[in-house]
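According to my numbering, the sequence shown is numbered sequentially starting from 13.
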Amino acid sequence: YRGGQRVLVLPEEMAELVRARARAERATPFMVVLAAFVAVLFVLLVRRHTRVEEESGRTELVGGTAVGRDAPLVAAVVEASCVAVLIAGLAAASDVAGGLPVSGSVAFGCSWLGVGLVSIGLTAVCCQLSASARTCAAIAAGALGVLYVLLRVTRSPFGHVLVAIRENQQRATFQGYDVDRYRLAVF
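This is the structure:
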């Protein structure tokens with residue numbers, strides 16, 4: 013068997029968005045794509061071992077035993093968490109093996125672990141809220157999108173002003189920001 017190769021070419025608009033996100037985070041476009049892949053991986057992993065198993069009827073066998081009906085969700089969360097730790101460790105170890113500084117490599121691995129754990133928790137909640145695997149995937153994707161938008165808002169100039177107001181309202185007022193207008197915009 014000679015194997016195969018699959019080439020993925022992003023549309024130019026999407027590639028430019030990835031490059032812009034990478035520049036904003038001081039990362040490479042490859043790191044941005046891999047972080048998105050990690051988030052999707054854990055959404056699919058948890059959903060597969062909860063809702064998809066339930067829709068196929070296999071969880072009925074487990075739920076009727078002494079294990080209990082929450083066992084598939086707990087097992088999926090534990091399995092996905094172990095995979096997240098493994099991926100984070102491999103990412104950090106590969107960076108160190110590539111000659112990068114240890115502290116930055118560990119931080120990079122921890123960032124992937126954070127992305128994975130957030131995706132796992134979010135998907136576990138979505139699995140409990142939905143009745144089907146498709147609905148779970150849609151809710152999880154929507155929630156990840158909302159988290160991304162919130163991240164973008166907090167790192168925007170508007171978000172910086174809100175942080176300045178939170179940390180020292182009087183100083184923000186002296187700097188010329190209309191504190192009441194910004195508070196009203198957030199409300």
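No residue lacks a Cβ here, since even glycine has one placed at the ideal position from N, Cα and C. Remember, predicted model here, so these are calculated numbers, not experimental data.
CA-CA distance, residue i and residue j?
| i | j | result |
| --- | --- | --- |
| I99 | G15 | 24 Å |
| Y189 | A105 | 46 Å |
| E91 | P169 | 39 Å |
| R193 | H172 | 15 Å |
| H61 | P84 | 7 Å |
| S93 | D107 | 21 Å |
| Q187 | A36 | 26 Å |
| E67 | R146 | 11 Å |
| G110 | G101 | 14 Å |
| F120 | Y160 | 19 Å |
| A27 | L163 | 20 Å |
| R38 | A88 | 33 Å |
| Q181 | R195 | 11 Å |
| L134 | V19 | 30 Å |
| V86 | F199 | 37 Å |
| L112 | E25 | 31 Å |
| C138 | D82 | 14 Å |
| E179 | A197 | 18 Å |
| F49 | Q17 | 18 Å |
| R183 | L29 | 35 Å |
Are the CB atoms of residue j and residue i within a distance shorter than 9 Å?
| i | j | result |
| --- | --- | --- |
| A152 | S131 | yes |
| A96 | L141 | no |
| R31 | P41 | yes |
| V58 | A155 | no |
| A34 | V44 | yes |
| G128 | L56 | no |
| S144 | R63 | yes |
| L174 | T185 | no |
| V191 | I177 | yes |
| A47 | S123 | yes |
Helix, strand or coil for residue i per DSSP?
| i | result |
| --- | --- |
| D190 | coil |
| D82 | coil |
| S131 | helix |
| A103 | helix |
| T40 | coil |
| V21 | coil |
| F199 | coil |
Is the CB of residue i under 9 Å away from at least one CB in chain C?
| i | result |
| --- | --- |
| D82 | Structure shown: chain C not included; a single protein chain is present. |
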